[in-house]
Amino acid sequence: MRILVVSDTHGDFFSLKRALDAQPAAEAIIHCGDGSEQFQFIKDVYRDKTVIGVRGNCDWSSKLPPTETVRLGDKTIFITHGHLYQAKFTFANMVYAAREQNADILLFGHTHQAVTDYLDGLYLMNPGSCSGYYATYGTIDITNKGDIVTNIVRLQNR
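For the sequence shown, counting from 1, position 127 maps to 1071 in the numbering used here; every step adds exactly one.
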């Protein structure tokens, strides 16, 4: 199973659409906040895919939840934007929250810095900001054997 992970689109439909078009095999799309309008676009247009999103600190009127815990490809994924856990200063609070949910994968945004890491059984990913000249997004592949492979992709500028 392939999962496309985006965050911090901040109104950049063009970069988001390029990321979506680059990953047609993705069965699920996760938006980690700061782009509730773009989340709604994904939900409306990609009806054949599982679409999950959370509210970011710039999603003032959004009714999206601040966190989600979902099960995809037999893995538990904890999703947050990160601002409620002080992501710009430490990952420890988010890691603790993910471990409370028995998560295999922690997804977050907020910092606009792409990160993928592994910490004692927990995969961490911030796909960076899918906006502007240095736009990035993430992919997660969950294999038939249950392995997890994370990747950060930089959109090529045209």
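Glycine included, C-beta positions come from ideal geometry on N, C-alpha and C.
What you are looking at is a predicted structure, and each value in this text was computed from that prediction instead of being measured.
Using the rule of at least 16 other Cβ atoms within 10 Å of the residue's Cβ for burial, across every protein chain shown, is residue i buried or exposed?
| i | result |
| --- | --- |
| Y1078 | exposed |
| D1061 | exposed |
| G1026 | buried |
What's the C-alpha gap between residue i and residue j?
| i | j | result |
| --- | --- | --- |
| Q982 | R1043 | 29 Å |
| G979 | W1004 | 10 Å |
| M945 | L1008 | 25 Å |
| S959 | T953 | 8 Å |
| C1074 | F985 | 15 Å |
| P968 | V1097 | 14 Å |
| G1082 | T1024 | 15 Å |
| N1046 | I1092 | 16 Å |
| C976 | N1101 | 23 Å |
Consult DSSP for residue i and reduce its assignment to one of helix, strand or coil.
| i | result |
| --- | --- |
| A972 | strand |
| N1037 | helix |
| D965 | helix |
| R1043 | helix |
| Y1062 | strand |
| Y1081 | strand |
| V1014 | strand |
Using 8 Å for Cβ pairs, my map puts residue i next to residue j. What's the rounded Cβ distance?
| i | j | result |
| --- | --- | --- |
| G1053 | P1071 | 7 Å |
Would you be able to state if there are at least three C-beta pairs under 8 Å between the stretch 1079 to 1096 and the stretch 1008 to 1022?
yes
Evaluate contact between the stretch 1066 to 1073 and the stretch 985 to 997, counting only Cβ atoms and requiring at least three cross-stretch pairs below 8 Å.
no
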